[in-house]
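If you count by the working numbering, then the sequence shown holds residues 1 to 389, one letter each, in order. A virtual CB, placed ideally from N, CA and C, is assigned to each residue, including glycine. Take a look at the structure below.
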Amino acid sequence: MTNLNSAIDGIFANANMTAEQKYAAGIHLLACFGAAMGHRPFVAGAVPTYGNLCMVAVGNSGCGKGTALRFTKSLFASVPSGLLAPESTTTSAGSMKALAREIDSILSAPALAAEGEVRVYHVNEEFSGELKSAASVYQSKLPEFLCKLVDGSEISETLGRQRIEYPLIHYGFVGHITPAALRSSLRPALVSGGCANRMLWLTMPSAYRSFPTLSTEDLQHVSQELEASLIHASSMRAVKLNADALTKYEAFTAQLESEREEYSEVMRDMTVRFPMHVLKIALVLAMLRRLTEIDGDAIEAGINLVLSTRDTIRAYMESPARVSPESLIRSYLTSNGPQTLNDLLRALSATFPAKKLNKALLELEDSGHIKRERQERDGNFPEYYALVS
Numbered sequence: 001m002t003n004l005n006s007a008i009d010g011i012f013a014n015a016n017m018t019a020e021q022k023y024a025a026g027i028h029l030l031a032c033f034g035a036a037m038g039h040r041p042f043v044a045g046a047v048p049t050y051g052n053l054c055m056v057a058v059g060n061s062g063c064g065k066g067t068a069l070r071f072t073k074s075l076f077a078s079v080p081s082g083l084l085a086p087e088s089t090t091t092s093a094g095s096m097k098a099l100a101r102e103i104d105s106i107l108s109a110p111a112l113a114a115e116g117e118v119r120v121y122h123v124n125e126e127f128s129g130e131l132k133s134a135a136s137v138y139q140s141k142l143p144e145f146l147c148k149l150v151d152g153s154e155i156s157e158t159l160g161r162q163r164i165e166y167p168l169i170h171y172g173f174v175g176h177i178t179p180a181a182l183r184s185s186l187r188p189a190l191v192s193g194g195c196a197n198r199m200l201w202l203t204m205p206s207a208y209r210s211f212p213t214l215s216t217e218d219l220q221h222v223s224q225e226l227e228a229s230l231i232h233a234s235s236m237r238a239v240k241l242n243a244d245a246l247t248k249y250e251a252f253t254a255q256l257e258s259e260r261e262e263y264s265e266v267m268r269d270m271t272v273r274f275p276m277h278v279l280k281i282a283l284v285l286a287m288l289r290r291l292t293e294i295d296g297d298a299i300e301a302g303i304n305l306v307l308s309t310r311d312t313i314r315a316y317m318e319s320p321a322r323v324s325p326e327s328l329i330r331s332y333l334t335s336n337g338p339q340t341l342n343d344l345l346r347a348l349s350a351t352f353p354a355k356k357l358n359k360a361l362l363e364l365e366d367s368g369h370i371k372r373e374r375q376e377r378d379g380n381f382p383e384y385y386a387l388v389s
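Structure representation (structure tokens):
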């Protein structure tokens, strides 16, 4: 995601920002902008699709996730606060109650309540804690609550003596998490239950240098661009896909459907909401570019960004494929050539016990996949296992 709009892209190019920096900044900018748009513009269709994006930046500690976030905040610093979604920055959303009360404490503030504010931009730079809580059986209401927030469903909860009710919330989210924390925190129920697939899980570049310091004039120019785009978004309601965008979107959904049978169960669960994510990103880009309809470029950018999440899903969410003793032996012989029994057992015993390996060797030999042959070695003729051509 390197193309936002021509003016902002030009400023980033003049500042010599790298592709990695543009990508990291673009992710955070889209989420903040999508939250600020609110529920006025939406993608026209049988079920309206809104521009609230919920993204999780997955990257090693020190890769620059926090730096990208702070750089993006500087771009919005001069945008009038009334145009932006109220921001919640937390690392302690450890339960449904905590998150509900935090959002309520923002939206129930007198100035915002009087405006009927329903927008929230939630930033959590320590998302692993929230993810672990969502996966816990003791916090089972947190995933359901997160689903309601993302979908904009009605919130009605009684927490002790406190009653929290919102007919609508426009919730945008950015979370930061390391790959190790994601692997250890995510549970299958969050995927199959629909909580995880409501978010876009994006792998950040492995490392990128510090962001450039934009001049006061450039910062002001970016802020003016963002302000003009938000004013444009507030004037829009139903936004249609033009003919080119519709053709590309339908081709994408058809291709996705044809590939689904080849996916793992986790990938099938995660990709079921890919079309919705594409429309959300395309809508945000169309409003950022001040278009009156979604064009093919916006849809294509959304497709490319959403498809990039498959690598994240495969790397950190899918369980590693179970390797059988037979396939492990064949793979080892393919890579290392003929081996004696003792060499095989010594090399593979860390993965399977000797009893299973011996049984697998017999089965492979009986089925004709491997053979035993004698080879000369220092005057001896030991027996080797080798693959049958």
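Straight-line gap, residue i to residue j (C-alpha atoms, nearest Å)
i: V388; j: P353; result: 24 Å
i: A386; j: N358; result: 15 Å
i: T178; j: L362; result: 43 Å
i: Y397; j: N336; result: There is no way to answer for residue 397, as the model of the chain reaches only from 1 to 389.
i: N3; j: H28; result: 13 Å
i: A243; j: S184; result: 44 Å
i: K141; j: A134; result: 8 Å
i: Y208; j: Q21; result: 7 Å
i: L333; j: Q339; result: 7 Å
i: I370; j: S331; result: 12 Å
i: E250; j: S153; result: 27 Å
i: L159; j: N124; result: 23 Å
i: V272; j: D366; result: 44 Å
i: W201; j: I313; result: 7 Å
i: H277; j: R161; result: 37 Å
i: A93; j: R346; result: 48 Å
i: A114; j: V150; result: 23 Å
i: F274; j: G59; result: 22 Å
i: Y316; j: A31; result: 22 Å
i: T49; j: S349; result: 53 Å
i: G116; j: N52; result: 18 Å
Under the three-state DSSP convention, the category residue i falls into
i: F381; result: coil
i: E217; result: helix
i: E115; result: helix
i: A350; result: coil
i: H369; result: coil
i: S398; result: An answer regarding residue 398 cannot be provided, because it is not within the stretch 1 to 389 covered by the chain.
i: T312; result: helix
i: M267; result: helix
i: P179; result: helix
i: T67; result: helix
i: E250; result: helix
i: C32; result: helix
i: L186; result: coil
i: F274; result: helix
Cutoff 6 Å; reference residue i; Cβ partners in own chain excluding five residues on either side
i: R374; result: F381 and E383
i: A196; result: L190
i: K240; result: A44 and E293
i: A7; result: E225
i: V118; result: L168, I169 and H170
i: R260; result: R268
Residues that DSSP places opposite residue i in a beta bridge
i: F42; result: A238
i: T49; result: V43
i: L362; result: Partner(s): none; L362 has no beta bridge.
i: F173; result: C54 and H122
i: S231; result: One detail in the question is off: residue 231 reads as Ile in this sequence, not Ser. Answer is none; I231 lacks a bridge partner.
i: S156; result: E165
i: Q339; result: Y385
i: R374; result: E383
i: T89; result: V123
i: T203; result: V58
i: I294; result: L241
7 Å CB neighbourhood of residue i in its chain, flanking five on each side removed
i: A360; result: P325, E326 and I329
i: L146; result: A134 and C195
Own chain partners of residue i with C-beta closer than 8 Å, once the 5 adjacent residues on each side are dropped
i: L245; result: Residue 245 is actually Ala in this sequence, not Leu. Counting only Cβ-Cβ distances below 8 Å, and skipping sequence neighbours, we find A282, E293, I294, D295, G296, A298 and I299.
i: S229; result: N5, F33, M287, L288, R289 and R290
i: T18; result: Y208 and R209
Touching or not, the stretch 183-194 and the stretch 32-44, by the rule of three or more beta carbon pairs under 8 Å? no
With a cut-off of 8 Å, do at least 3 Cβ pairs link the stretch 32-40 to the stretch 219-235? Two segments are said to touch when three or more pairs of C-beta atoms, one from each, lie closer than 8 Å; by this definition the stretch 32-40 touches the stretch 219-235.
Is the stretch 313-333 touching the stretch 216-224 in the sense that three or more CB pairs, one from each, lie closer than 8 Å? no
Can you confirm whether the stretch 308-323 touches the stretch 281-295 when touching is taken to mean that 3 or more C-beta pairs between the two stretches lie within less than 8 Å? no
Whether or not the stretch 105-114 and the stretch 62-71 are in contact is what I'm after, with contact meaning three or more pairs of Cβ atoms, one per stretch, closer than 8 Å; do they touch? no
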